[in-house]
Amino acid sequence: MTVTVGVVVFPGTNCEHDVAAATERLGASARLVWHADGRLGDVDAVVLPGGFAHGDYLRPGAIARFAPVMAAVETFAAGGGPVVGICNGFQVLTEAHLLPGALQKNRGLRFVCETVEVEVASDRSVLTRGVDPGRRLRIPINHFEGSYTCDPDTLAELVGQDRIALRYTDNPNGSVADIAGVCNEAGNVVGLMPHPERACDPLLGSDDGLVLLGALIASSGAPLTGSPAAATATA
Amino acid sequence: MSAGARPEGAVDDPGVHRALGLTDDEAGAIGRILGRAPNHLELAMYAVMWSEHCSYKSSRIHLRRLPTEGPGVLVGPGENAGVVDAGGGVAIALRIESHNHPSAIEPYQGAATGVGGILRDIFTMGARPVALMDPLRFGPLDDDRSRWVAAGVVAGISGYGNAVGVPTVGGEVVFDGCYAGNPLVNVLCAGLLPVERLVLGQATGVGNLAVLLGSATGRDGIGGVSVLASAGFGGDAAAEEAKRPNVQVGDPYEEKRLIEACLQLLDEHLLVGIQDLGGAGLACATSETASRGGVGMDVDVTAVHRREPGMRAWEVMTSESQERMLAIVTPDDLERLLAVCERWEVRASVVGRVTTTGRLRVLEGWGGEVQADVPAASLHEDAPLYDRPRRRPADLDRRADDDPARLPPPEDPGKDLAALLLDPSWVYRQYDHQLFLNTVVGPGSDAALLRLAAPGVPGGEGRGFALSTDGNGSWCSLDPRAGTALVVAESALNVACVGARPVAVVNCLNFGNPEHPEVMWQLSEAVDGMAEACRALGLPVVGGNVSLYNESRGADIDPTPVVATLGLVDRLERRPPGVAFAAGDRVVLVQPPGTRPSLGGSLWAVRRRGHRGGRLSPLDLAAHLRLLGLVTGLVADGLPSGVHDVSAGGLGVALAEMAVGGGVGAALAGVADHVGLFGEGPSRVVFCVPPDRLGTLTQRARDAGMEAVELGGGGGDRLVLDGLVDVAVADLAAAARGIAGWW
Amino acid sequence: MSRFGALVEVRLRPGIADPAGTTIERSLPTLGFGDVSGVRTGKAIRLEVEAADVEAARGRVEELCRRFLTNPVIEDAVVTVEPLPGTVPPGAASPAGPGEAPR
Amino acid sequence: MSRFGALVEVRLRPGIADPAGTTIERSLPTLGFGDVSGVRTGKAIRLEVEAADVEAARGRVEELCRRFLTNPVIEDAVVTVEPLPGTVPPGAASPAGPGEAPR
Ligand SMILES: Nc1ncnc2c1ncn2[C@@H]1O[C@H](COP(=O)(O)OP(=O)(O)O)[C@@H](O)[C@H]1O
Ligand SMILES: [Mg+2]
Chain E
31 MTVTVGVVVF
41 PGTNCEHDVA
51 AATERLGASA
61 RLVWHADGRL
71 GDVDAVVLPG
81 GFAHGDYLRP
91 GAIARFAPVM
101 AAVETFAAGG
111 GPVVGICNGF
121 QVLTEAHLLP
131 GALQKNRGLR
141 FVCETVEVEV
151 ASDRSVLTRG
161 VDPGRRLRIP
171 INHFEGSYTC
181 DPDTLAELVG
191 QDRIALRYTD
201 NPNGSVADIA
211 GVCNEAGNVV
221 GLMPHPERAC
231 DPLLGSDDGL
241 VLLGALIASS
251 GAPLTGSPAA
261 ATATA
Chain X
882 MSAGARPEGA
892 VDDPGVHRAL
902 GLTDDEAGAI
912 GRILGRAPNH
922 LELAMYAVMW
932 SEHCSYKSSR
942 IHLRRLPTEG
952 PGVLVGPGEN
962 AGVVDAGGGV
972 AIALRIESHN
982 HPSAIEPYQG
992 AATGVGGILR
1002 DIFTMGARPV
1012 ALMDPLRFGP
1022 LDDDRSRWVA
1032 AGVVAGISGY
1042 GNAVGVPTVG
1052 GEVVFDGCYA
1062 GNPLVNVLCA
1072 GLLPVERLVL
1082 GQATGVGNLA
1092 VLLGSATGRD
1102 GIGGVSVLAS
1112 AGFGGDAAAE
1122 EAKRPNVQVG
1132 DPYEEKRLIE
1142 ACLQLLDEHL
1152 LVGIQDLGGA
1162 GLACATSETA
1172 SRGGVGMDVD
1182 VTAVHRREPG
1192 MRAWEVMTSE
1202 SQERMLAIVT
1212 PDDLERLLAV
1222 CERWEVRASV
1232 VGRVTTTGRL
1242 RVLEGWGGEV
1252 QADVPAASLH
1262 EDAPLYDRPR
1272 RRPADLDRRA
1282 DDDPARLPPP
1292 EDPGKDLAAL
1302 LLDPSWVYRQ
1312 YDHQLFLNTV
1322 VGPGSDAALL
1332 RLAAPGVPGG
1342 EGRGFALSTD
1352 GNGSWCSLDP
1362 RAGTALVVAE
1372 SALNVACVGA
1382 RPVAVVNCLN
1392 FGNPEHPEVM
1402 WQLSEAVDGM
1412 AEACRALGLP
1422 VVGGNVSLYN
1432 ESRGADIDPT
1442 PVVATLGLVD
1452 RLERRPPGVA
1462 FAAGDRVVLV
1472 QPPGTRPSLG
1482 GSLWAVRRRG
1492 HRGGRLSPLD
1502 LAAHLRLLGL
1512 VTGLVADGLP
1522 SGVHDVSAGG
1532 LGVALAEMAV
1542 GGGVGAALAG
1552 VADHVGLFGE
1562 GPSRVVFCVP
1572 PDRLGTLTQR
1582 ARDAGMEAVE
1592 LGGGGGDRLV
1602 LDGLVDVAVA
1612 DLAAAARGIA
1622 GWW
Chain G
2 MSRFGALVEV
12 RLRPGIADPA
22 GTTIERSLPT
32 LGFGDVSGVR
42 TGKAIRLEVE
52 AADVEAARGR
62 VEELCRRFLT
72 NPVIEDAVVT
82 VEPLPGTVPP
92 GAASPAGPGE
102 APR
Chain C
2 MSRFGALVEV
12 RLRPGIADPA
22 GTTIERSLPT
32 LGFGDVSGVR
42 TGKAIRLEVE
52 AADVEAARGR
62 VEELCRRFLT
72 NPVIEDAVVT
82 VEPLPGTVPP
92 GAASPAGPGE
102 APR
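Chains as they are written, first to last, in this note's numbering: chain E, 31 to 265; chain X, 882 to 1624; chain G, 2 to 104; chain C, 2 to 104.
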């Protein structure tokens, strides 16, 4: 059975084709899901790709979170379905309160596009499941508002529950605790600022992103019984 | 219908046309075209359409001398963008534009709207924009205002380009005092399209509808093109204040939706024609589509969706509000067009109808009062054409004789070398340069190299295209003809360095005040130099832009033609070697025998000694053409481990950039003195090559009629040039990055 | 029903880093504004609302702030509301004229 | 010398397009805020200034606006200044408390 990945498109999203191409490279099939649709259809995983939904006006993700598709994403996530927000998608997930914290302007007050090194900090998320913690990956970042912020209690909870999926080895944006990606308690909802889809082809300089997207597709295909995600979802 | 009704309100006060920037002769010509005195709206439309920016009235007679034809050229100059056949059913649309004057007064929005404008030129052709480039020139960064301009321009390109979702894959950053009062902000865009989707901006089919898509129309940049682009900066505060309301604000989110909506409309075959609204707004778009289609158009100004109350017809017709397109559609397809627009949340209003009359009529409501009635084609074709006086600058011979080789040599060449390095990563780090998973070589190398692929454009699998933008005001001020030819040569060589075959160019001619005969002479010479080089190298000029009146306080900028070269890669299987040394590999300089670099107009002379004299090194175009073939072939075959052409800063800077690029030093010899180190000249490439391939490389160079001079070997953490330079690579890198401290 | 003009000042909550404010402040001494300190940046959003009275208008705007205009993880808002004199022409830029502050 | 708190509202000049405001406004009906219109976005900058009196303080802030905080090509500023009660503890977010408007 091929895994079907639903890739959500808001007006202003721009990485949807890239995410689709990268997941297809891994043998999955990708389906674009329009923001105004209230249903996701028959998908095994959902990716909210990068871009500038609604121009990032007001705050990145602030308008997108009210789109009809987001109710469907919430239901899908509540049922244990894998949901990954990349960059702008991460911002949407925090605005929708599917993930804690917020993404502020980079410490340097400038947009940053470059390849950085991240370290897998936890294998509890659907994006890092089966990947050895401590593994380092070279993946591009591309954002202005990527400085992860949360209050100390939330940070303690994230650390205590092993929910920091990825950390920068050389913090490019001022994120608290070098956080590059976090997940929810169940591990099935993940947000990250780096763009794994941009690192899926040696011709483009790195294919380390296949590690993350491969993990996502593997955890979407396999029935989630016994996984922390399914345990929480059915609890 | 009020057919036959005549527009009211003839203007008989010459003060009005003069205020609009029309000369008395031009106003007289308008009267003759109409057979009556024009009214205010008509005058305003002619004024913007006949402005320097829209009509190229000072440059057109010269531009005709450029070679514009070639086997792969599908669309040449004169359309919104040039289009080149890339084979396999894929075509590449290419265009470059300037946004110099708006950027001088509101750097962020000036640059941002420059990006927006160039994108529309590309998707108007039916192409999906896939790459932007930004050749930039500012005053030195130790000046507060130049710093403000530079930071704002870069932020504006970043803010708009990233949000609209088109990667910025390269450009230039140059600092020179001549740009302090008048920065140059050029923007290039390339787009890909299936050949059969190619559309031209024309209206046909009587009864078809003109639909205005996108942003509401406000009083943005009313008369902007004539006011801003057709006048220099006098340094007069009141005059600059008066220009202020002409600044427009860009909305990349609107543009993104417009791109998607228009491409969908084209894919669904719902459009007869489409045209972007740029300079001169609706007046330009309606008359241009009508005259290209050989038809007329009635425009209902009241149907234009507006942002502000109380706008007059002339304001609506000449507004330069951003993010708008004019679509020509059959009445039958209107409903489906509106549905596509609704999906993308793009506003659409039917504002015009195609008529048989050949006239552009502006109406106050269908069947309402006729506000303007002019022959549509006259707004373009009857624009004045000037052969302005030209004069060779009086000081040119004196400057040519003032050879910088006579300057005392540097005491520490290594120190001068470090001071000439500039790492532009501070700039391009702020640009998304990777979107669409196409960017094989992004900014930071000789040219950008992209896969020939875009959503909705099949047929380019396994192939690529390359782009480089280049200009050199110092060379061109010494000798605009030879300097421009050198710029063309360099640009083509940059593209070859990533393994691409140069196939076409576009250009942006940034010059001073055309009313100065010296400037017109420079322009004319530059065109001849470009024509000569392009002809010899087989590079058709498929498009361009002319930006005049680049001056401040009476001083013209150095003549700065910017050339962008497009190259094609037939087999894109591996990443090209890049600007780097590899430890253990040999370093070889390949050049035509007898090459003599010159310090005339060189970075070293200008920047280290403030010296702007001398002669340029000669260019042998036949040899250069052979070199291009050689370099493309060597790189495509994967022979070298590093490659870099020698350009501004000479061999020394090229070697230093390779050391910094790969983080590996080299031990080299064979450079005699500072002239050899910093002298500039065409047709030189440095290769780094594994020892076992050295013989092949040397042989292939000889077969191409080149000499291959072995300079030494890569390795270590210092760049050593026997007897001249001995610097740590880390120190060179730090010096190059030093620039970032200024922003 | 009447029309009210509102100014919403969206501020970073105390304790949340404000790199933009810090950057402005750091550059002030060299510009000759060493007497200025404590710079904090936020957003100013002007809007108009239709409501029965000032209190109702304020209530609506505060609800809008809570649900949409602020991200409570990092921001809070200060709302000022004032009645608009007469009808405001459509598309008018903002309720208060230049130089005039809301009360 | 005393300390004054200032609120600078940087606004787009009337007639200048405000894409952010337009986009925010367009999203309001779906959120159930069809009664809100005329949205214009700007910046709110709070700062403190040392000056002899309110007028001197206002003068300094206005100069700062002109020279640094706005680009008069597209923006203007509304400045409100008020005396600060006593000394403000370092790190305090802003002179006025939440919900309290500057006068
Ligand atoms: N403004 C800019 N935007 C993006 N890339 C830039 C910019 N300026 C320079 N670059 C990139 O930096 C690299 C070096 O530029 P340059 O020294 O002008 O190259 P060359 O001398 O080979 O023409 C190129 O890859 C160029 O595209
Ligand atoms: Mg080069």
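Heads up, the beta-carbon is just placed ideally off N, CA and C, and yes, glycines get one too.
Where residue i sits in the DSSP three-state scheme
i                  : result
Gly1086 of chain X : coil
Met1178 of chain X : strand
Glu950 of chain X  : coil
Gly1533 of chain X : helix
Phe69 of chain C   : helix
Leu1390 of chain X : strand
Glu987 of chain X  : coil
Asp1025 of chain X : helix
Ala1220 of chain X : helix
Asp1278 of chain X : helix
Gly130 of chain C  : The requested residue 130 of chain C does not occur in the structure, where chain C is confined to residues 2 to 104.
Glu147 of chain E  : strand
Trp1485 of chain X : helix
Thr1238 of chain X : coil
Contact under 8 Å by Cβ, residue i with residue j
i                  : j                  : result
Asp1351 of chain X : Gly1481 of chain X : no
Leu1162 of chain X : Leu1359 of chain X : Sequence check: residue 1162 of chain X is Gly here, not Leu. No, the pair does not count as a contact, with Cβ atoms beyond the cut-off.
Asp6 of chain C    : Leu85 of chain C   : Just to set this straight, residue 6 of chain C is Gly in the shown sequence, not Asp. Yes, the Cβ-Cβ distance between Gly6 of chain C and Leu85 of chain C is below 8 Å.
Pro112 of chain E  : Ser236 of chain E  : no
Leu133 of chain E  : Gly176 of chain E  : yes
Arg1434 of chain X : Gly1099 of chain X : no
Ala972 of chain X  : Leu1079 of chain X : yes
Arg193 of chain E  : Cys213 of chain E  : yes
Gly131 of chain E  : Tyr178 of chain E  : yes
Distance, residue j Cα to residue i Cα
i                  : j                  : result
Val35 of chain E   : Ala1377 of chain X : 40 Å
Val1400 of chain X : Tyr1060 of chain X : 16 Å
Ile1003 of chain X : Val1231 of chain X : 23 Å
Ala78 of chain G   : Leu1207 of chain X : 42 Å
Glu83 of chain G   : Gly204 of chain E  : 40 Å
Lys135 of chain E  : Val161 of chain E  : 30 Å
Tyr989 of chain X  : Glu76 of chain C   : 13 Å
Ser1522 of chain X : Lys938 of chain X  : 49 Å
Gly1380 of chain X : Arg228 of chain E  : 23 Å
Leu1219 of chain X : Gly970 of chain X  : 30 Å
Asp1101 of chain X : Glu54 of chain E   : 45 Å
Proximal residues to residue i (C-beta, below 8 Å), its chain only, five neighbours per side dropped
i                  : result
Gly1425 of chain X : Leu944, Leu947, Pro958, Ile977, Val1387, Asn1388, Cys1389, Leu1390
Ala1281 of chain X : Leu1359, Asp1360, Gly1481, Gly1494, Gly1495, Arg1496
Leu924 of chain X  : Val892, Val897, His898, Leu901, Leu903, Ala908, Ile911
7 Å CB neighbourhood of residue i in its chain, flanking five on each side removed
i                : result
Leu13 of chain G : Asp19, Arg41, Gly43, Ile75, Glu76
Closer than 7 Å: residue i CB and nearest ligand 3 heavy atom
i                : result
Lys44 of chain C : Looking at this structure, you won't find ligand 3 anywhere; what it does contain is ligand 1 and ligand 2.
>> By the 8 Å beta-carbon criterion, what residues does the stretch 15-40 of chain C contribute toward chain B?
In response: You won't find chain B in this structure, because its protein chains are E, X, G and C.
> In the stretch 217-255 of chain E, which residue ranges form an unbroken alpha helix (DSSP H) of at least 4 residues, counting only runs that do not cross its ends?
Replying inline: 239-251
>> Please give the ranges of any beta strand (DSSP E) in the stretch 1413-1451 of chain X, keeping only runs that are unbroken, at least 3 residues long and fully inside the region.
In response: 1422-1428, 1441-1450
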